[in-house]
Structures are given as C-alpha cells and as structure tokens.
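Notes to accompany the following structure.
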Amino acid sequence: MHPETLAIRSTMLEDHNFGAVVPPLYLTTTFERNPDGSVRPYVYSRAEAPNRHLLEKSLALLEGGAVAYAFASGQAATFAVLQALGAGTHVIAPDDAYYGSLVLMQDTLADWGLEVSRVNMTDPANVKRAIQPNTKLIWVETPSNPRLQVTDIAAMAQIAHEIGAICAVDNTWATPILQSPLALGADIVMHSTTKYLSGHSDVLGGALILREQGTWASKIHAIQKVGGAVPSPFDCWLVARGIRTLPLRVKAQTESAMKLATFLHEHPAIEVVHYPGLSSHPGHLVASQQMRLFGAMLSVQVKGGETEALAVTSRLKLFTHATSLGGVESLVEHRRSSEGPTSQSPANLLRISVGLEHIADLIEDWAQALL
Ligand SMILES: *Cc1c(COP(=O)(O)O)cnc(C)c1O
0 MHPETLAIRS TMLEDHNFGA VVPPLYLTTT FERNPDGSVR PYVYSRAEAP
50 NRHLLEKSLA LLEGGAVAYA FASGQAATFA VLQALGAGTH VIAPDDAYYG
100 SLVLMQDTLA DWGLEVSRVN MTDPANVKRA IQPNTKLIWV ETPSNPRLQV
150 TDIAAMAQIA HEIGAICAVD NTWATPILQS PLALGADIVM HSTTKYLSGH
200 SDVLGGALIL REQGTWASKI HAIQKVGGAV PSPFDCWLVA RGIRTLPLRV
250 KAQTESAMKL ATFLHEHPAI EVVHYPGLSS HPGHLVASQQ MRLFGAMLSV
300 QVKGGETEAL AVTSRLKLFT HATSLGGVES LVEHRRSSEG PTSQSPANLL
350 RISVGLEHIA DLIEDWAQAL L
C-alpha cells in the first residue's frame, strides 16, 4: 500500500461494540481477566494499551520496521536508546543535532559513563576516525537541526555494522514520508511525534521503530514498559489522528518550503539559506539520493548579525516566533537564544518551519520583514 493509504487505514480500529469509524479512546488503566483467570491481550496500561498499540502498529508500517514503541516525548525515546546501551559505552554523534539529544548524551548520561564523540558526519571519514573499541552506537540526524546538514545514512549504517555497533537515525524532520532510514540499513528510527506526525502542535510524543525483533527490541521494550515513560491514551489518539493527514501535509509544506528557500536565497538581506533542496547546498546530492523530497524545514543566516535576526522575527507577522516545528502554522525561531549559553548555533541564524498557509502570503511576509 502507498503511504497515503497506510496513514489512514493503519490508524483505524474495528469497533465491535458500536462500529465506531474513528477509534474509541480507551481511558482505562486496567483490564478485566477472563472468567478462568487467564489474562486478555491487555492487562495494565503502562505495559500495553489499545490506543498505544494502534499507534505503534501504524508507525512500524510507515517506517517499514518490525516493531515500534511509543514514548511520552521524543526525548524519552532517545533516552531509551541510550539506556539500552548500558554503562561505559561510546557513542558517535553529529556536531550539528537537536540540542536536547546532545544534552542527554553529554550531560545527563555522563555520570553513567557514556562517552560521546561529536563529529561532522557529512564526511564518513570523520566518523571512521572517531571509532573506539567501546563504540556501540552511531547516532544520525539528517537533515540536522538547525543547519540542515545531510548525512549519508547507508554509509553510517555500514560503518556501524562493520564494528558490531548499531545505527540509529532521528527521522523527525524528514518524516517516514520523505525518508526511510531502515530501508537504507539503519537499525533504529527515532521520532519526536510532537512534530510532523501529530502535526498540530498540541501533543508531545516520541517513538522508536526497529528494523528487527531481537536483543535491542527486547531491551527497549523493557525500558518502555518498566521505565514507564509512556504516552497517555489521548496522546496516542491525537498522534494517530495526525498521521492520517501526514502525507498530504508534508508534501504541501515541502512544496512551499522550496519556494520560500528559493525566494530567500535570492534576497540581498540574506547571507545564506540552509535548505537541501537548493542545488547550492553541500548536501544536495546525498539528499537527492536518500530523500523523496527535501522537507519543510530551513534555516537562514541574516545579514546584520543577532540584532537584525531578532528584529526580523519581530517584523514577521505570519511566522510566530516560537520553538518547535512541524505544525500547520509557520514558525520562526532564533535558535541561539533558545538553546542558551552553550549553544553553537550562529548568532544570526533563524530556523523556519513552513506551515500550511498560502505560500504567496508567506513570501510576502518575508519580503516586508527583510529590509
Ligand atoms: C523536537 C525534537 C526532538 C525532541 O522531541 P520532544 O518531543 O521535544 O522530546 C528530537 N529531535 C528532533 C530533530 C526534534 O525536532
């Protein structure tokens, strides 16, 4: 089945009580046993619950994985991968990546003996050089946050497998519609479902999808159900509802992003546009090979430094200055000030999440905001 069909049909549930077309919301923490004392499929909702199960099945199908586990946030999903590594291991991570993932690796888990090497993954040679005897994970994020660097997923998976490590890909920005890391050899896909999958900026969630059943799946499953960082039934219901329109939203938002990137690329007030859809982008070729389209996220560096970048955010009317991304509404964010004093984002960088408003209005807004 095509993604458009899967997105809708995989999030429906046959309702034997009333024939509801939309899946009922099962707000129950516990489930009655059979008369003979045996348990039914569901026992207690931390371990497994109907709305979560439906969401997980849908995510596994969309990413082409064997199994999926849903979490209370993207960070909880990333944390589960890192916890599954065990103490004293080494991770190779991108120098440009979601700030929270890097904080988990470098700060939160440092006391547990996690070692991290951050390298520029656009060149696989840098990754090979960073390998240590205890390297167990290559963590990839492509396109990356906030500089839209593109990493060759197949190359990363190959390097990982040569040393008996695993390759996990944060696929939040590309979504399963535009990029399929498991088909390229990755072992785990991570999502912040808070973003495009839910698509309406009203629910937090995360997920891990694994290519195979096995040791890693068992460990992650245990961390999910025993650790308990699980999403509520309503959270799962909302994400599943978002998934139904995911293919259409992502395609329309990507089309607009390409037009906005082209407009900004030609604008004299802009120093540089980071968007892998532009042929001038250093990762354009790799992105063309591993992505179906180039996505709806871009960053720009504004001439005039931080002061001017912040002034642009206040002049924009249709791009709300707020963090997060992937919703129907367009957002702009000065990354450096939201990441705080240890941020490595350029001072004049603005990250843009292109929404579903009409592209002519969005371009006009940037035209009036850039002096
Ligand atoms: C938002 C985001 C995360 C973290 O997800 P939360 O749901 O906020 O915990 C991780 N990676 C990327 C690329 C993100 O955009």
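Using numbering that gives the first Met the number 0, the first residue of the sequence shown is number 0, and each one after it goes up by one. Glycine included, each C-beta is placed from N, C-alpha and C at the ideal position.
- Taken atom to atom, the span from the alpha-carbon of Ala-75 to that of Asp-106 is near 15 Å.
- Ligand 1 has no heavy atom closer than 6 Å to the beta-carbon of Gln-131.
- For Thr-253 against Gly-294, the beta-carbon gap comes to about 6 Å, under 8 Å, which counts as contact.
- In chain order, Val-301, Leu-349, Ala-368 and Leu-369 place their CB closer than 7 Å to the CB of Val-311, counting only its own chain and leaving out the 5 sequence neighbours on each side.
- In the three-state DSSP reduction, Ile-362 falls in the helix class (H, G or I).
- As summarised for the region 157-208, the continuous beta strand (DSSP E) elements at least 3 residues long and confined to that stretch are 165-169 and 187-191, given in chain order.
- Annotation for Ser-72 indicates a beta carbon within 6 Å of some heavy atom of ligand 1.
- The residue among Leu-297, Ala-260, Leu-324 and Leu-361 with its C-alpha nearest the C-alpha of Lys-316 is Leu-361.
- When the five nearest sequence neighbours on each side are left out, the beta carbons in the same chain lying within less than 8 Å of the beta carbon of Val-271 are those of Val-299 and Gln-300, in order along the chain.
- Contact check for Ala-251 against Leu-297 fails: the beta carbons are separated by 7 Å or more.
- At a cut-off of 6 Å, the beta-carbon of Asp-201 does not count as near ligand 1: no heavy atom of the ligand is closer than that.
- Judged by DSSP in its simplified three-state form, Leu-349 adopts strand.
- The region 157-167 makes contact with the region 133-143; the number of CB pairs closer than 8 Å reaches 3 or more.
- With a contact defined as Cβ atoms closer than 8 Å, Val-229 and Arg-45 qualify at about 6 Å.
- Remark: C-beta atoms of Leu-207 and Tyr-68 approach each other more closely than 7 Å.
- In this structure, Ala-79 and Ile-222 form a Cβ contact; the two beta carbons are roughly 5 Å apart against a cut-off of 8 Å.
- Looking at the backbone, the Cα of His-357 and that of Asp-364 are separated by about 11 Å.
- For Leu-370, the secondary structure class from DSSP, reduced to helix, strand or coil, is coil.
- Every unbroken stretch of the alpha helix (DSSP H) spanning 4 or more residues and falling wholly within the region 240-288 is given here in chain order: 245-264.
- DSSP places His-333 within a strand segment (E or B) once states are collapsed to three.
- At least one heavy atom of ligand 1 lies closer than 6 Å to the C-beta of Thr-193.
- The beta carbon of Tyr-97 sits closer than 6 Å to at least one heavy atom of ligand 1.
- Contact check for Gly-204 and Val-149: beta-carbon distance about 26 Å, past the 8 Å limit, so the pair fails to qualify.
- At least one heavy atom of ligand 1 falls within 6 Å of the beta-carbon of Thr-171.
- Boundaries of the beta strand (DSSP E) around His-89: 89-93.
- If the five residues before and after Val-38 are omitted, its C-beta is found closer than 6 Å to the C-beta atoms of Arg-32, all from its own chain and listed in chain order.
- Glu-140 is the residue among Thr-244, Leu-103, Glu-140 and Ser-342 whose C-alpha sits nearest the C-alpha of Met-120.
- Per DSSP, the beta bridge partners of Trp-138 are Ala-167.
- For Leu-247 and Asp-14, the gap between their C-alpha atoms comes out near 27 Å.
- Sorting Leu-61, Leu-58 and Trp-111 by C-alpha distance to the C-alpha of Ala-83 places Trp-111 at the top.
- Across the set His-199, Val-126, Ala-260 and Ala-92, the C-alpha of Ala-92 shows the shortest separation from the C-alpha of Ser-143.
- Proximity of the beta carbon of Asn-50 to ligand 1 is not indicated: no heavy atom of the ligand is located closer than 6 Å.
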